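Have a look at the structure below before the remarks.
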Amino acid sequence: MKRDIGAIAALCLALWALPAGAEISIEAVDACIAKAAEDGTNPNLCVDQAHTDCGTIAEDMHTVATLCFTEAQGVWGNAIATKLAEVQAKTDENIGAVAAIETKYDVLSALVQCDRMEELSRLTQSTADLVQRQKAGCQSTASGLAYVRLVWRARSLK
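Reading the sequence shown from the start, the letters are residues -22 to -1, 1 to 136 in mature numbering (1 follows the signal peptide of the UniProt record, and there is no 0).
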């Protein structure tokens, strides 16, 4: 009985120490993109930086990491919707439509690659949990990169 209580306490402590979820600050991402533009560096690295919490979850906690990346993908999706609304408010109807179409296909083409990676991973000795973690990370990255491209393209509209 004492051993069970100790194990439960250790598990609770470990879960408490994990990120509560995807702690992505779109304001920080936007600042990172602006800095990349100023410095002439790759803005895609801003997505990796934003995914630090999810990416550093222990290797044996695939479900927690999957949830984190799934939440991050939701944050990216909301940010994309907000940025598209801003672009559409600043421009004529055609430019807003082009921005929406470009972003849609940026996401879709990347998601196809995530599916490809998942299928190839299933042919290996990878566990189902690991494959799911990798796919969630890929999907979140796809959305994050689409957001970065949208912001990057929208810079000229200011």
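Using N, Cα and C, we set each Cβ at its ideal position, and we do this for glycine too.
What you are looking at is a predicted structure, and each value in this text was computed from that prediction instead of being measured.
Excluding the 5 residues preceding and the 5 following residue i in the sequence, name in chain order all residues of the same chain whose CB lies nearer than 8 angstroms to its CB.
i, result
"valine 76", "none"
"leucine 62", "Gly74, Ala77, Ala78, Thr81, Leu128"
"aspartate 8", "Val129"
"alanine 14", "Asn20, Pro21, Leu23, Cys24"
Where residue i and residue j are concerned, what is the direct C-alpha to C-alpha distance, given to the nearest angstrom?
i, j, result
"threonine 41", "aspartate 107", "7 angstroms"
"glutamine 103", "cysteine 10", "37 angstroms"
"serine 99", "cysteine 32", "20 angstroms"
Excluding the five sequence neighbours on either side, which residues of its own chain have a C-beta within less than 6 angstroms of the C-beta of residue i, listed in chain order?
i, result
"glutamate 16", "none"
"alanine 57", "Ile4, Tyr125"
With a 10 Å radius around its C-beta and 16 neighbouring C-beta atoms as the bar for buried, classify residue i as buried or exposed.
i, result
"tyrosine 125", "buried"
"residue 190", "There is no way to answer for residue 190, as the model of the chain reaches only from -22 to 136."
"aspartate 93", "exposed"
"arginine 133", "exposed"
"alanine -16", "Caution is warranted here: a pLDDT of 43 is assigned to alanine -16, below 50, making its placement in the model unreliable, and no coordinate value can be reported."
Does the distance from the C-beta atom of residue i to that of residue j stay below 9 angstroms?
i, j, result
"threonine 44", "glutamine 110", "yes"
"glutamine 117", "glutamine 27", "no"
"residue 138", "leucine 123", "Because the chain in this structure spans residues -22 to 136, residue 138 falls outside the shown range and cannot be described."
Quick one: residues in its chain with C-beta nearer than 7 angstroms to the C-beta of residue i, no 5 flanking neighbours on either side, listed in chain order?
i, result
"glycine 55", "Ser121"
"lysine 68", "Leu135"
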